[in-house]
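Chains as they are written, first to last, in our numbering: chain A, 1 to 441; chain B, 1001 to 1238.
We treat Cβ as the ideally placed atom computed from N, Cα and C, and that holds for glycine.
Below you'll find the structure, written out as structure tokens, and then a few comments.
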Amino acid sequence: MLAYYLALGLRHLRQSPILTGLIVVTLAVGVAASMSTLTVLRAMSGDPIPEKSDRLFTPNLDNRPDDGSSRDPRPPEMLTYRDAVALKNAKPGLRKSSVMRISPVIAPSRTDVKPFFGDGISVHADFFKMMDVPFVQGGPWSEADDARGNHVVVLRESMAEKLFGDAEPVGKTLHLDTYDATVTGVVSDAWEPVPRFYRLVSGPPPFRGVEDLFIPWSTAIANEMQPQGNVNCFTDPAPDAPPGYEGLKQSECIWVQFWVELASASDAPAYRDFLDGYVAEQRKLGRFPLPTNNKLFDVQGWLDVNKIVSKDTRLQTYLAFGFLLVCLVNCIGLLLAKFTARSGEIGVRRALGAPRRAIFKQYLVESGVVGLVGGAAGLGLTFASLWFLRKQSDEFAVLAKMDWMMLAITLVVAVVASLLAGILPTWRACQVQPALQLKSQ
Amino acid sequence: MLVMKKLSKVYRTENIETHALRGFDIHVREGEFVAVTGPSGSGKTTFLNIAGLLEDFTSGEYHLDGQDVRGLGDVARSRLRNEKIGFIFQSFNLIPDLNLFHNVDVPLRYRGMSRGERRERIEASLAQVGLASRMKHYPAELSGGQQQRVAIARALAGGPRLLLADEPTGNLDSQMARSVLELLEEINSRGTTILMVTHDPELAARANRNVHIIDGQVSDLVHEPVLRAAAAPATATP
């Protein structure tokens, strides 16, 4: 009977076209408004690396001085150079990488491209596997390159094309700041985790910008590349501290973001214990004067604590769904009018043997068919509004994108909404007294 | 076929009780063609609605084809309606946005028949009323008489034991009315029991039996000579 009800639903779309059109438009507008904002919210609050977000952790160690200068209960969001090196060299953790934003001068070999500042990060070789970075050519550098601080570089696909045109980039050299680096691999342009959780602290917004290049952490340090972003120092340098970059490395200044991949989420408590032990050891050396206040965040925890999704965004989404509710109430009224006009038909069907539940199913399916059409129209409007949003800013250009999941959600929301809106009119349709209708026709 | 004993139907509002039927007794045998007459408001349509299980009754007994219908739920009543009863209404009550084929298909859909069996029955019943060639037409494309024939085809498609007709010729001119009546007689001759409400003495006279309802009570007029006599010249007119 479902096929019969569907056929009737489709047939009745043509009946009273103005009323049907109004229902479809009302539903479509409500769906488009709510789905557009939900798409943005979902992109903002989505899991950027769902396969392993519960196994990737970033540690925060509280190395602030005990001088009452800061009452913030949260420890600093980055690590000192010394701590980053120590955690990298320590045994716990499956894979580990420091992350430091850099902006070296890139001098292309092509004469038609002038030197420019590139946006990149210096990381350890582990980073690429930790973050599941897809390569279109070549691959990451080796751990030996890490250890020796070799002059190697990984480029983003679009940057490789800019620098080398159609030529094969892997194996070619690229002049960075003061040295020539050999290209080992090219990362796909498709790799754009949203948000950029691995470099969330300081620098560009979490939903904007991509890394043009990646160089080994040790190479960046050896070449004294300046960290791009915040360098927070809680104490003055020691009187006997060396000047310049070496002084920065030995200071209590924090400027390194650090990520560790554990074999499983259940290893997190053990890693916390390791961090506490590390801090206790360092305290014996005169560091970490405050009581132990280490934090270990997985990806979702890190996004939450950094309040990636603003209250405004959530409020907009709530308002949009409120608007959808208003549209639904209107749809209920319109469906009531549509179904009431067919009381005579309902009476005939009841007289000819349709039980109430058959009428209920028929009219609920008809509501669903209207919902599907409204959903399709709503989908079109959603695409249009997302296109409009993408034109507004670079940030929206990243966030306002429809994926298959959102497409499915949009249609499901439209159909469920129309079914909900159809329940009352359908119930009313079932209450039609056939005897009254048949005589009054 | 249809037995009602001491049946009553009371419509209640806040202040008023209206007795549409009271102490209503009737026994319609299988194969009878019964004309139900009576003044407006006498309870004819209420009787027909109760007989067709479209309305419940207040007290008394009603057996349809040997089955006590009191206390039956909506699904059981709907199944009985679908399987045993065919309806013909004064205003035809065809569904305007379905063509003839699909209009006749409606009761068969609720019986859960296969597509092939439905098609067979629809074509046969439309052929029986002489409209087999117009099954793709919509009701609005037909005359009143033709629409009533479609309604009869729809009622017949399910092979009902009892046909309930409420003023089936009330909206038709005399020629069309005669043609519809002849069709009903033909159906009755094949064994289908017919209960027909009418105001028209000529039509009533052509039934096997007349039942007159006054103030919600029945008076059987099977041997009423006046109606018989009045009907005689009319039947002779071509």
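For the beta strand (DSSP E) that residue i lies in, which residues bound it at each end?
i	result
B:M1004	1002–1012
A:V99	95–102
A:V326	It is not in any beta strand (DSSP E) - A:V326 instead sits in the alpha helix (DSSP H) that spans 311–340.
A:S122	120–123
A:Q226	Counting along the chain, A:Q226 falls outside any beta strand (DSSP E), and DSSP gives it neither H nor E.
A:W191	Looking at the DSSP string, A:W191 is not in any beta strand (DSSP E), and its letter there is neither H nor E.
B:M1196	1193–1197
B:Y1062	1059–1064
A:A358	First-last for A:A358: 356–390, but that is the alpha helix (DSSP H), not the beta strand (DSSP E).
B:T1018	1017–1028
B:T1037	1033–1037
A:R64	Here A:R64 belongs to no beta strand (DSSP E), and DSSP marks it neither H nor E.
Who are the Cβ neighbours of residue i in its own chain at under 7 Å, not counting the five residues just before and after it?
i	result
B:H1137	N1099, L1100
A:T317	T37, L38, L41
B:H1019	S1008, V1010, G1216
A:K129	R95
B:L1126	L1100, V1104, A1132, M1135, A1153
A:A341	S16
B:S1091	N1171
A:V415	G368, G371, L372, G375
A:D304	none
A:E77	N60, V201
B:Y1110	N1082
For residue i, does the count of other Cβ atoms within 10 angstroms reach 16, so buried, or fall short, so exposed?
i	result
A:A358	buried
B:I1214	exposed
A:K338	buried
A:L387	For clarity, residue 387 of chain A is Trp in the given sequence; the question names Leu instead. Burial call: exposed.
B:F1089	buried
B:H1223	Caution applies to B:H1223, whose pLDDT of 46 falls short of 50 and renders its modelled position unreliable; the value that the coordinates give is listed next. Classification for B:H1223: exposed.
B:Q1147	buried
B:P1238	Low local confidence applies: a pLDDT of 35 at B:P1238 is under 50, so the model's placement there is unreliable, and no value is given.
A:M1	exposed
A:A270	exposed
A:A280	exposed
Taking C-beta pairs closer than 7 Å, name the residues in chain B that residue i reaches, listed in chain order.
i	result
A:A354	S1078, Y1110
A:A435	N1049, L1054, E1055
A:R11	D1097
Find the residues of chain B that neighbour residue i, judging by a C-beta separation of less than 8 Å, and give them in chain order.
i	result
A:Y4	R1109
A:Q431	Per Cβ cutoff of 8 Å: no residues; A:Q431 is ~12 Å from chain B at best.
A:Q15	D1097
Please compile the residues from chain A whose C-beta is within a distance smaller than 7 Å of the C-beta of residue i.
i	result
B:D1074	P355, R356
B:N1171	Neighbours of B:N1171 on chain A: none; closest Cβ ~11 Å, over 7 Å.
Got a sec, what are the start and stop residues for the alpha helix (DSSP H) residue i sits in?
i	result
A:R71	First-last for A:R71: undefined, no H or E at that position.
B:P1201	1201–1205
A:D298	Segment 295–298 is the beta strand (DSSP E) holding A:D298; no alpha helix (DSSP H) there.
A:P425	404–430
A:P17	17–45
A:G244	244–250
B:G1145	1144–1157
A:P269	268–284
Using a Cβ-Cβ cut-off of 6 Å (strictly less than) and excluding sequence neighbours within five positions of residue i, which residues of its own chain qualify?
i	result
A:M405	none
B:L1054	none
A:G9	V365, E366, V369
B:Q1026	Looking at the sequence provided, one finds Ile at residue 1026 of chain B rather than Gln. For B:I1026, where only same-chain residues beyond five positions count, the Cβ hits under 6 Å are M1004, V1218.
A:A3	none
A:I23	C331, L334, V370
Given that residue i touches chain A, what residues does it touch there, using C-beta distances under 9 Å?
i	result
B:N1015	Under the 9 Å cutoff, chain A gives no residues; its nearest Cβ is about 21 Å from B:N1015.
B:R1119	Ordered by position in chain A, no residue passes the 9 Å Cβ test against B:R1119, which lies about 14 Å from the chain.
B:R1070	Chain A residues near B:R1070: none, gap ~18 Å exceeds 9 Å.
Spatial neighbours of residue i within its chain, please: CB distance less than 8 Å, with the 5 preceding and 5 following residues excluded, ordered by chain position.
i	result
B:D1056	I1050
A:A220	M100, I102, S122
A:F207	A43, M44, V194, P195, R196, E395, V398, L399
B:L1203	A1035, T1169, A1177, L1181, M1196
A:A320	A33, S34, S36, T37, L38
Going along chain A, which residues have a C-beta under 8 Å from residue i?
i	result
B:N1188	Chain A residues near B:N1188: none, gap ~21 Å exceeds 8 Å.
B:R1012	Residues of chain A passing the Cβ test: none, with the nearest at roughly 15 Å.
B:M1149	Met is not the amino acid found at residue 1149 of chain B; the sequence shown has Arg there. Those within 8 Å of B:R1149 in chain A number zero; the least Cβ separation is about 16 Å.
B:R1209	Within chain A, no residue comes near B:R1209; the closest Cβ sits about 24 Å away, beyond 8 Å.
(message) Output needed in chain order: residues of the stretch 1089–1110 of chain B with a Cβ under 7 Å from some Cβ in chain A.
(response) F1089, S1091, N1093, I1095, D1097, V1106, P1107, R1109, Y1110
(request) Note down, in chain order, all residues in the stretch 335–354 of chain A with a beta-carbon under 8 Å from any beta-carbon belonging to chain B. (result) G344, E345, G347, V348, R349, R350, A351, L352, G353, A354
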